[in-house]
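Q: Let me begin by handing over the structure; questions about it come next.
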Amino acid sequence: MARIGSRNTSPELTVRRLVHGLGYRFRLHVASLPGRPDIVLPRLKSIIEVRGCFWHQHGKCIDSHVPKSRIGYWGPKLERNKLRDQQNRRKLRKLGWRVCIVWECEVKKLEALGHRLARFLEARGRTNVRKGS
Ligand SMILES: [Zn+2]
Numbered sequence: 005m006a007r008i009g010s011r012n013t014s015p016e017l018t019v020r021r022l023v024h025g026l027g028y029r030f031r032l033h034v035a036s037l038p039g040r041p042d043i044v045l046p047r048l049k050s051i052i053e054v055r056g057c058f059w060h061q062h063g064k065c066i067d068s069h070v071p072k073s074r075i076g077y078w079g080p081k082l083e084r085n086k087l088r089d090q091q092n093r094r095k096l097r098k099l100g101w102r103v104c105i106v107w108e109c110e111v112k113k114l115e116a117l118g119h120r121l122a123r124f125l126e127a128r129g130r131t132n133v134r135k136g137s
């Protein structure tokens, strides 16, 4: 299966820096998990996936637009990506992982994204503390 976009792309690096800045440790591209997720926080059973808006067809996002002249070529490929994303996400959830999807276009709004990630990670952090006590 061809790589979907490339690993270590700059949006991913930005998100890694954000998560690191929030004080969390993580593992990268964990091959033992469905879809080889980008950022994995084992202790929090949480995953952050950074997705390119085009490759992963971000809903109505302007960056996901496929030129009409190329739809015959891209249509089926992108449809497969989307399906695989959904399947992986379902598998991860069944395994008890929480998944936060970060879209490439969100990386442009750093402050908002930072807040969203902090909320996502803190929620699980608190749950763990309660369970452990
Ligand atoms: Zn987008």
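Following this note's numbering, the numbering of the sequence shown begins with 5 at its first residue and continues without gaps.
Glycine is no exception: its CB is placed at the ideal position from the N, C-alpha and C atoms.
Does any heavy atom of ligand 1 sit closer than 6 Å to the C-beta of His69?
A: Numbered from its first residue, the sequence shown carries residue 69 at position 65. No.
Q: Rounded to the nearest angstrom, what separates Arg31 and Arg93 at their Cα positions?
A: On the sequence shown, position 27 is the one that residue 31 refers to. On the sequence shown, position 89 is the one that residue 93 refers to. Taking the straight line from one Cα to the other gives about 18 Å.
Q: Cβ-heavy atom distance between Trp78 and ligand 1 below 6 Å?
A: Along the sequence shown, one-based indexing puts residue 78 at 74. Because no heavy atom of ligand 1 lies under 6 Å away, the Cβ of Trp78 does not count as near it: no.
Q: Just to confirm before moving on: does the CB-CB distance between Val19 and Val106 stay below 7 Å?
A: Locating residue 19 in the sequence shown gives position 15, counting from the first residue. Locating residue 106 in the sequence shown gives position 102, counting from the first residue. Closer than 7 Å, so yes.
Q: Please identify the residue among Gly79, Glu115, Lys112 and Pro15 whose C-alpha is closest to the C-alpha of Glu53.
A: Here the question's residue 53 lines up with position 49 in the sequence shown. With distances taken between Cα atoms, Glu53 lies closest to Pro15.
Q: Quick check: what's the CA-CA separation for His33 versus Leu114?
A: Residue 33 sits at position 29 when you count from the first residue of the sequence shown. Residue 114 sits at position 110 when you count from the first residue of the sequence shown. So the alpha carbons of these two residues sit roughly 22 Å apart.
Q: Using the C-alpha atoms, what's the distance from Ala35 back to Gln90?
A: The sequence position of residue 90 within the sequence shown is 86, counting from 1. The sequence position of residue 35 within the sequence shown is 31, counting from 1. For Gln90 and Ala35, the distance between alpha carbons rounds to 18 Å.
Q: If contacts are defined as beta-carbon pairs under 8 Å, then Arg55 and Glu108 qualify, I think. What distance do you get, rounded to the angstrom?
A: Sequence index remark: in the sequence shown, residue 55 carries index 51 (1-based). Sequence index remark: in the sequence shown, residue 108 carries index 104 (1-based). So it is a contact: roughly 7 Å between Cβ atoms.
Q: Say yes only if the C-beta of Trp107 is nearer than 6 Å to one or more non-hydrogen atoms of ligand 1, and no if none qualify.
A: In the sequence shown, counting from the first residue as 1, residue 107 sits at position 103. Yes - ligand 1 has a heavy atom lying nearer than 6 Å to the Cβ of Trp107.
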